[in-house]
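What follows is a set of notes on a single structure, which appears directly below.
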Amino acid sequence: MKKIGVMTTGGDCSGLNTVIQRLYRGATLRGWEFIGILDGTDGLCENPPRIIKFKNDTLPIEAARLAGSFLHNGRADALNFETAAKAGKIERFNKQIRKALLELKLDAIILIGGNGSLSLAWCNKEIYTGLQLVCIPKTIDMDIPLTDRTIGFNTAVQQLTSFCDQLMLTARSHHRWFVTQTMGRDCGQLALNAGIAIGATAILIPEIKFDVDALIKHIKNAPTDYGIILVSEGISLRGHSGKPADMISRKLTAAGIVNRTAYPEHTQRVGDTTAADRILATRMADCALRAIENNETYVMTAINDCKCETVSLKDFFDSGSVTADPNIPDIKTPDAYVSPDDPLLQIATDMGIYIGESK
1 MKKIGVMTTG
11 GDCSGLNTVI
21 QRLYRGATLR
31 GWEFIGILDG
41 TDGLCENPPR
51 IIKFKNDTLP
61 IEAARLAGSF
71 LHNGRADALN
81 FETAAKAGKI
91 ERFNKQIRKA
101 LLELKLDAII
111 LIGGNGSLSL
121 AWCNKEIYTG
131 LQLVCIPKTI
141 DMDIPLTDRT
151 IGFNTAVQQL
161 TSFCDQLMLT
171 ARSHHRWFVT
181 QTMGRDCGQL
191 ALNAGIAIGA
201 TAILIPEIKF
211 DVDALIKHIK
221 NAPTDYGIIL
231 VSEGISLRGH
241 SGKPADMISR
251 KLTAAGIVNR
261 TAYPEHTQRV
271 GDTTAADRIL
281 ATRMADCALR
291 AIENNETYVM
301 TAINDCKCET
311 VSLKDFFDSG
321 SVTADPNIPD
331 IKTPDAYVSP
341 DDPLLQIATD
351 MGIYIGESK
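Number 294 in full-length UniProt numbering belongs to position 294 of the sequence shown; there are no gaps in the numbering.
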């Protein structure tokens with residue numbers, strides 16, 4: 001009988017509980033023991049490691065739709081790769097993780113994380129020697145290479161869309177523009193997809209250069225005197241500092257355009273998991289379990305051309321744009337961005353949405 005462990009790391013998002021519940025269900029049907037590791041690597045650093053032994057009522061199926069992670073994703077002061085590196089204790093930290101995994105006598109561990117967590121798993125792969133490591137990609141940013149979708153993205157788009165739908169009503173009532181700042185880090189997928197969904201007047205993302213004067217002209221020539229300007233948190237404006245939405249808002253105000261800023265913040269990372277994300281979570285859970293059955297290791301589940309299959313962590317790490325991690329010395333992270341030939345960019349232009357100066 002195999003013994004499988006699972007942990008969630010990095011930022012939380014909707015869909016985590018769904019994939020955990022589906023993993024438990026699939027493991028149980030195979031006759032495997034299934035345990036959850038609490039608080040990610042921080043839980044592994046406790047003596048003994050903080051774990052949950054799953055039973056049928058541990059995470060009921062009706063609760064699997066809820067946002068957040070039943071296993072937690074760590075505290076602000078948690079011991080993880082970042083805090084260990086800053087304290088100069090990374091070697092000691094790695095040894096503790098390795099020791100804990102051996103004590104748990106796992107055959108395989110499933111790590112559900114973003115591109116930072118998956119990169120760390122590959123760069124510190126010796127920690128997982130002797131057991132199978134299977135990763136499942138989750139992030140609302142959609143910045144992970146080699147997969148067309150990540151768990152949590154669809155729900156985040158829906159949450160942001162719902163937030164902006166309500167803003168649009170008060171915008172109309174007061175003949176006012178709302179500059180709304182989205183999450184997404186250096187990737188504009190969240191802003192682009194939600195912007196198309198709500199019919200935004202403008203969408204500013206890190207991948208596309210924009211001109212403030214052109215933006216102002218576009219807004220002044222818009223068929224309405226209200227609307228939403230979506231601004232991804234990763235954009236920059238030469239000669240200005242502060243929150244991106246505030247920078248754009250000040251420019252609009254100076255041009256005589258009445259506007260307010262709005263920050264949906266962490267509401268983008270919550271909300272009942274959408275059907276699309278539940279289906280994706282189920283497919284990736286099934287793919288991860290089949291990978292364990294097939295004795296695969298150092299792999300990531302991925303959706304490509306509607307097929308759910310595994311790709312190697314090495315290929316994941318070598319793909320995309322590999323950049324230095326700002327928080328962890330000597331660690332690099334591969335990022336995926338909005339492609340210049342993304343069809344949504346042309347669709348936005350065709351729909352009269354200002355997206356910058358690339359077209």
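Note that CB positions come from ideal geometry on N, CA and C, so glycine has one too. Keep in mind the model is a prediction, meaning the values are calculated, not measured.
- Distance between Ala171 and Ser232, taken at the CA atoms: about 20 Å.
- A check of alpha carbon separations from Leu59 across Gly40, Ile35 and Met168 identifies Ile35 as the nearest.
- A distance of 8 Å or more separates the beta carbons of Ala245 and Thr267.
- For the beta strand (DSSP E) assignment, the uninterrupted runs of no fewer than 3 residues enclosed by the segment 19-67 are, from N- to C-terminal side, 33-37 and 51-53.
- In the structure shown, Asp335 adopts extended strand secondary structure according to DSSP, grouped into three states.
- Ranked by Cα distance from Gly271, the first of Leu66, Ala202, Pro49 and Asp39 is Leu66.
- Classified as exposed, Gln346 has fewer than 16 neighbouring CB atoms from the shown chains inside 10 Å of its CB.
- A Cβ-Cβ distance of about 22 Å is found for the pair Asn115 and Pro264, leaving them out of contact under the 8 Å criterion.
- Taking Thr41 as reference, the option from Ile109, Phe54, Ala214 and Ile151 with the minimal CA-CA separation is Ile109.
- Sequence-distant partners of Thr161 (beyond 5 residues in either direction) whose C-beta falls short of 7 Å from its own C-beta, in its chain, are Ala194, Ala197 and Ile198.
- Per DSSP, the unbroken beta strand (DSSP E) holding Pro137 starts and ends at Gln132 to Pro137.
- Taking the C-beta atoms as reference points, Pro137 is found nearer than 8 Å to Ile144.
- Approximately 13 Å separates the beta-carbon atoms of Val19 and Met300; this is outside 8 Å, ruling out the contact.
- One thing to note: Ile355 has its Cβ within 8 Å of the Cβ of Ile208.
- Beta-bridge pairing by DSSP links Ile140 to no other residue.
- With a cut-off of 8 Å on Cβ pairs, the segment 20-33 is not in contact with the segment 82-99, counting fewer than three such pairs.
- Burial state of His175 is exposed, judged by a 10 Å Cβ sphere holding fewer than 16 other Cβ atoms.
- Setting aside the 5 residues that flank it on each side, Trp122 is surrounded in the same chain by Leu313 and Phe317, each with a C-beta closer than 6 Å to its C-beta; the list follows chain order.
- Annotation for Lys251: the continuous alpha helix (DSSP H) segment containing it runs Pro244 to Ala254.
- If you check the CB distance, Thr310 and Ala336 do not come in under 8 Å.
- Taking C-beta atoms as the reference points, Arg75 and Asp141 fail to come closer than 8 Å.
- Around the CB of Ser339, fewer than 16 other CB atoms lie within 10 Å, so the residue is classed as exposed.
- The DSSP assignment places 202-204, 227-232 and 259-262 as complete runs of the beta strand (DSSP E) inside the segment 182-262, in order along the chain (cut-off: 3 residues).
- Between the alpha carbons of Gly10 and Gly113 lies a gap of roughly 6 Å.
- Bounds of the beta strand (DSSP E) holding Ile112 are Ala108 to Gly113.
- Around the beta carbon of Val258, fewer than 16 other beta carbons sit within 10 angstroms, so the residue counts as exposed.
- Annotated three-state conformation of Val157 is helix, per DSSP.
- Taking each of Ile303, Glu82 and Thr201 in turn and checking the Cα distance to Cys164, the smallest one comes out for Thr201.
- A distance of 8 Å or more separates the beta carbons of Gly234 and Cys308.
- Per DSSP, Cys287 is one residue of the alpha helix (DSSP H) stretching across Ala275 to Glu293.
- One thing to note: Lys251 has its Cβ within 8 Å of the Cβ of Ile216.
- Counting C-beta atoms within 10 angstroms of its own C-beta, Thr224 has fewer than 16 neighbours from the protein chains shown and is therefore classed as exposed.
- The C-alpha of Ile248 is placed about 8 Å away from the C-alpha of Val212.
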